[in-house]
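Just below is one structure, and these are the notes that go with it.
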Amino acid sequence: GLSIEIYGTKASVAWNQERPDELWVGHRDSGNSIFVKDPSLLTGKARGYADLPGGHSEGYDDTFKQVFRRFYASISAPDKIEYPQFADGLRQMVILDSVLASSAARKWVDVPSPTK
Numbered sequence: 029g030l031s032i033e034i035y036g037t038k039a040s041v042a043w044n045q046e047r048p049d050e051l052w053v054g055h056r057d058s059g060n061s062i063f064v065k066d067p068s069l070l071t072g073k074a075r076g077y078a079d080l081p082g083g084h085s086e087g088y089d090d091t092f093k094q095v096f097r098r099f100y101a102s103i104s105a106p107d108k109i110e111y112p113q114f115a116d117g118l119r120q121m122v123i124l125d126s127v128l129a130s131s132a133a134r135k136w137v138d139v140p141s142p143t144k
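Under this note's numbering, think of the first position of the sequence shown as 29, with each following residue one higher.
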């Protein structure tokens with residue numbers, strides 16, 4: 029399954045698709061923690077993405093509900109769009125092209141502005 033790990037100088041986090049309601053946090057200077065999804069522990073903005081109570085996994089179908097909720101909200105408040113736009117996708121493609129070029133050349137390459 030899909031697994032995402034991010035390593036920092038002070039802490040690291042790991043998430044695994046097989047255990048979607050858990051987030052592992054590794055601390056450099058103290059014990060590690062596992063956080064279980066509980067809407068009461070989330071910030072107000074993050075809570076908007078957790079419709080189900082703790083112990084109930086958000087699933088594939090819930091992603092569509094979240095996307096459409098934000099799309100319909102953007103119609104009534106177009107200045108507060110909460111989903112990626114075309115420019116965001118273009119930037120990701122430019123970054124990916126640079127990653128591939130860097131790998132092929134086996135050296136660092138500059139990431140150009142997507143408008144060039």
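Note that beta-carbon positions come from the ideal geometry of N, C-alpha and C, so glycine has one too.
- Checking the DSSP bridge columns, you'll see TRP43 partnered with ILE32.
- In this structure, VAL137 sits away from ILE123, with a CB-CB distance that is not shorter than 8 angstroms.
- DSSP places SER131 in no beta strand (DSSP E) but in the uninterrupted alpha helix (DSSP H) bounded by 114-133.
- PRO48 and SER126 have their C-alpha atoms roughly 31 angstroms apart.
- In this structure, DSSP gives ILE62 an extended state, which the three-state scheme calls strand.
- With fewer than 16 neighbouring CB atoms inside 10 Å of its own CB, ALA133 falls in the exposed class.
- Approximately 6 angstroms separates the beta-carbon atoms of LYS65 and GLY82; this is inside 8 angstroms, confirming the contact.
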